[in-house]
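Trainee:
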Amino acid sequence: MTNDDLVANVRTVADAVQTTLGPFGANKLLVQQDGTVTATSSSTELLERFDVTDPAMTLLQTAASGFGDRYSDGTGTVVTLAGALLHEGDGLAEQGLHPTAIEQGYREGLDSALDTIDRTARPLSSFGAEAVAKTALTGTRDLQVRQSVAAQIANVVEKVGADASDSIRVVSRPGGAIAETELLQGVVLERGPILKSMPRSPDRDGIAVLSSSVDVPHVGSQLGDVSRRVVFDADSFEAREGIAEYESEAFTEQLQAAIDADCGAIITERAINERVETRLAAEGILGIQRVDTDELRAIARTTGATVVPSLDQISESTLGRGSITVQRKAGRDVTILKSDSGEPAYTLFCRAPDPRTVTAFEHSVETAIAATAAAVRDGRVVPGGGAVEATVSQAVKAEARSLEGRQQLSADAFGTALMTVPRVLAKTAGLDGGRTVVQLRVARSDGRDSVGVDALAGTTADVLGDDPIVEPVAIKKAILTAATDLATQLIRIDERLPAVDLSDDDDVVPEEATAEGQETPAGR
Numbered sequence: 001m002t003n004d005d006l007v008a009n010v011r012t013v014a015d016a017v018q019t020t021l022g023p024f025g026a027n028k029l030l031v032q033q034d035g036t037v038t039a040t041s042s043s044t045e046l047l048e049r050f051d052v053t054d055p056a057m058t059l060l061q062t063a064a065s066g067f068g069d070r071y072s073d074g075t076g077t078v079v080t081l082a083g084a085l086l087h088e089g090d091g092l093a094e095q096g097l098h099p100t101a102i103e104q105g106y107r108e109g110l111d112s113a114l115d116t117i118d119r120t121a122r123p124l125s126s127f128g129a130e131a132v133a134k135t136a137l138t139g140t141r142d143l144q145v146r147q148s149v150a151a152q153i154a155n156v157v158e159k160v161g162a163d164a165s166d167s168i169r170v171v172s173r174p175g176g177a178i179a180e181t182e183l184l185q186g187v188v189l190e191r192g193p194i195l196k197s198m199p200r201s202p203d204r205d206g207i208a209v210l211s212s213s214v215d216v217p218h219v220g221s222q223l224g225d226v227s228r229r230v231v232f233d234a235d236s237f238e239a240r241e242g243i244a245e246y247e248s249e250a251f252t253e254q255l256q257a258a259i260d261a262d263c264g265a266i267i268t269e270r271a272i273n274e275r276v277e278t279r280l281a282a283e284g285i286l287g288i289q290r291v292d293t294d295e296l297r298a299i300a301r302t303t304g305a306t307v308v309p310s311l312d313q314i315s316e317s318t319l320g321r322g323s324i325t326v327q328r329k330a331g332r333d334v335t336i337l338k339s340d341s342g343e344p345a346y347t348l349f350c351r352a353p354d355p356r357t358v359t360a361f362e363h364s365v366e367t368a369i370a371a372t373a374a375a376v377r378d379g380r381v382v383p384g385g386g387a388v389e390a391t392v393s394q395a396v397k398a399e400a401r402s403l404e405g406r407q408q409l410s411a412d413a414f415g416t417a418l419m420t421v422p423r424v425l426a427k428t429a430g431l432d433g434g435r436t437v438v439q440l441r442v443a444r445s446d447g448r449d450s451v452g453v454d455a456l457a458g459t460t461a462d463v464l465g466d467d468p469i470v471e472p473v474a475i476k477k478a479i480l481t482a483a484t485d486l487a488t489q490l491i492r493i494d495e496r497l498p499a500v501d502l503s504d505d506d507d508v509v510p511e512e513a514t515a516e517g518q519e520t521p522a523g524r
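Numbering (UniProt numbering), first residue to last: 1 to 524.
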């Protein structure tokens, strides 16, 4: 099997993914084998939903997924650039270049590209974190919404700093307009109390965080390591009644101890048994059950609580402190926890009119948070809208002329591949891709390295003007590195082999022969 056969599917997927770039990225209608139909413009979701068996495609999917998990941004650009580098690599291979020579040239091009990004980077302070967030918010084209949400993201990221991605949760809910998206201080749970009779804002500020069920204790039940188990059989009605009374009294003691410690809410990863729900409500305790592990940990960090297994281990020292309110949003109850006792926490509560839109907007908000945090952490940005790719492309091509031999060809091809990003952004914005590339190259010849594609305005312009389009240096460099690594890994594949027994059938010796002491071919 030739290299062309191996990477054909990868290039096909890259061609499909590249049209999702930018605020006007095209939607894809995915029809899965079970008949599920999904409309999405998210490159991440597109890659996740592909049902692939080809090993080269699996390599692409794994690399893109790993990049998305780490940076929460740039997955589509990584795949687009990898596809462009593969396309250029095919042309070089037809000219007789060995994969090693192609890789060496690409590595030279990458080094030049990274140096150019560092050299042309601007300080974040010249534009502000809000500009980075607004650039990444491609999930909406409403300028007022982008301005409002970007301002909220920038405000929190600047407060929290490098840990913003861990301290800001994104919760989305269909129903309402995107303009209703709001930033809430604290942890937001998409669930309310298990009983309507429970208080929606407890009087006591103690918050218990449990990892197991809340129920009356059973006779003989133990937590942790058990060295000896005792089985108690009740063989009469009186015995069973006695056991029930004992268990009820034990639960009452545990509950009273929790109340005395000032517990006003119990939040558990498991369930709260129906037979104790009314008891909790009667004592003015808010009970919330089946909370995800990540949410449970966030609550513990925010309130300063210690996660304990059961009700009887609640004490004043294990309780977190904070205020809890249950509010009605988008037709359903949500619980908001605020506290100054632990680490700061914020939640962006996203709204959109339908499930597909709210999912796309939620992903866009997560991307904006990650991009803003990366920019604040590094303190540098580069012009967006394909401007930095155009500048880097020109620099790589100039550097390639100083190289000798065939590496010059592959380094020059690396520079050519970089122009795929501005070309695609221009096309998705309704512009002529070829003409845009020429305009960007002319601008670089005139020393204007901030001219790029302003997709929302539908033109090429100085993207560092009144409404700057900027991207974090750290993510941009990571995108180029990841795309180059992926492309060179695929280019160096020359054959696909099944991971099975590769021995020659003629050399296989029957078991009977070896049992009689005859030598195998390997032993001769």
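Built from N, CA and C at the ideal position, the CB exists for glycine as well.
1) Enumerate, from N- to C-terminal direction, the unbroken beta strand (DSSP E) stretches of 3 or more residues contained entirely within the stretch 240–310.
2) Closer than 7 Å: is that where the CB of Pro-217 sits relative to any heavy atom of the ligand MN?
3) From this set, Gly-192, Leu-311 and Val-171, which residue's C-alpha is nearest Cys-350's C-alpha?
4) Short of 6 Å in beta carbon distance, which residues of its chain neighbour Asp-225, apart from the five on each side in sequence? Order them along the chain.
5) Answer with buried or exposed for Leu-143, where buried requires no fewer than 16 other C-beta atoms within 10 angstroms of its C-beta.
6) Roughly how many angstroms separate the alpha carbons of Gly-331 and Glu-471, rounded to a whole number?
7) Check for me: the alpha helix (DSSP H) holding Ala-136 runs from which residue to which?
8) Which residue marks the beginning of the alpha helix (DSSP H) containing residue 525, and which one marks its end?
9) Count the other CB atoms, across all protein chains shown, that sit within 10 Å of the CB of Val-37; report buried if there are 16 or more and exposed otherwise.
10) In three-state DSSP terms, what is Thr-36?
11) Quick one: what's got a C-beta closer than 8 Å to Val-157's C-beta in the same chain, skipping five residues either side?
12) Is the beta carbon of Thr-135 sitting closer than 8 Å to the one on Ile-178?
13) So, Asp-378 versus Val-307, is the Cβ gap smaller than 8 Å?
14) How about the stretch 190–205 and the stretch 273–282: do they share at least three Cβ pairs that are nearer than 8 Å?
15) For Val-451 and Leu-440, which I take to be in contact (beta-carbon distance under 8 Å), what is that distance rounded to the nearest angstrom?
16) Quick check on Thr-80: does DSSP put it in helix, strand or coil?
17) Can you name, in chain order, every residue of its own chain whose Cβ lies under 6 Å from the Cβ of Arg-200, other than the five neighbours on each side?
18) Hey, quick one: how far does the beta strand (DSSP E) through Gly-384 stretch, first residue to last?
19) Please classify Arg-275 as buried or exposed, where buried requires at least 16 other C-beta atoms within 10 Å of its C-beta.
20) Can you tell me the Cβ-Cβ gap for Ala-417 and Leu-85, rounded? I've got them flagged as a contact below 8 Å.
21) Measure the alpha-carbon distance for Thr-58 versus Ile-299 and round it to whole angstroms.
22) Exposed or buried, which one is Gln-18 when buried takes at least 16 other CB atoms within 10 Å?
23) On a CA-only basis, which of Ala-8, Gly-175 and Thr-120 is nearest Gly-447? Give me that one, please.
24) Taking the DSSP output, what are the residues bridged to Ser-323?
25) Would you call the stretch 429–436 and the stretch 359–369 touching, i.e. three or more CB-CB distances under 8 Å?
26) What would DSSP say about Leu-440, mapped onto helix, strand or coil?
27) Report the three-state DSSP secondary structure of Ala-522 (helix, strand or coil).
28) On the criterion of 16 or more Cβ atoms from any shown chain inside 10 Å, does Arg-204 qualify as buried, or is it exposed?
29) Report the rounded CA-to-CA distance for Pro-422 versus Asn-9, giving the unit in angstroms.
30) What is the C-beta distance between Tyr-71 and Gln-185, in whole angstroms, given that I count them as a contact (C-beta under 8 Å)?
31) Give me the Cβ distance between Ala-14 and Thr-80, rounded to the nearest whole Å; I'm assuming they're in contact under 8 Å.
32) In terms of alpha-carbon separation, which member of Gly-415, Leu-296, Asp-467 and Ala-39 lies closest to Ala-113?
Mentor: In this structure, then:
1) 263–268 and 286–288
2) The ligand MN is not part of the structure shown, which contains no ligands of any sort.
3) Val-171
4) Only weak support is given to the placement of Asp-225: the predicted model assigns it a pLDDT of 49, under 50, and the value that follows is read from those uncertain coordinates. Within the same chain, no Cβ atom closer than 6 Å to the Cβ of Asp-225 is found once the five residues on either side in sequence are excluded.
5) exposed
6) 37 Å
7) 129–136
8) The question about residue 525 has no answer here: the residues shown for the chain are numbered 1 through 524.
9) Exposed is the call here.
10) Of the three classes helix, strand and coil, the one that applies to Thr-36 here is coil, per DSSP.
11) Ala-129, Ala-133, Ala-164, Ile-168, Ile-369, Thr-372, Ala-373 and Val-376
12) no
13) no
14) yes
15) Sure, about 6 Å apart at Cβ, within 8 Å.
16) Helix, per DSSP.
17) Val-326
18) That residue, Gly-384, is in no beta strand (DSSP E); it is neither H nor E in DSSP.
19) exposed
20) 5 Å
21) 37 Å
22) buried
23) Thr-120
24) Lys-338
25) no
26) Correct three-state label for Leu-440: helix.
27) Residue placement at Ala-522 is poorly supported in this model, since its pLDDT is 43, which falls under 50; the coordinates still yield a value, given next. Correct three-state label for Ala-522: helix.
28) buried
29) 23 Å
30) Going by Cβ atoms, the distance from Tyr-71 to Gln-185 rounds to 26 Å, so no, they are not a contact pair.
31) 6 Å
32) Gly-415
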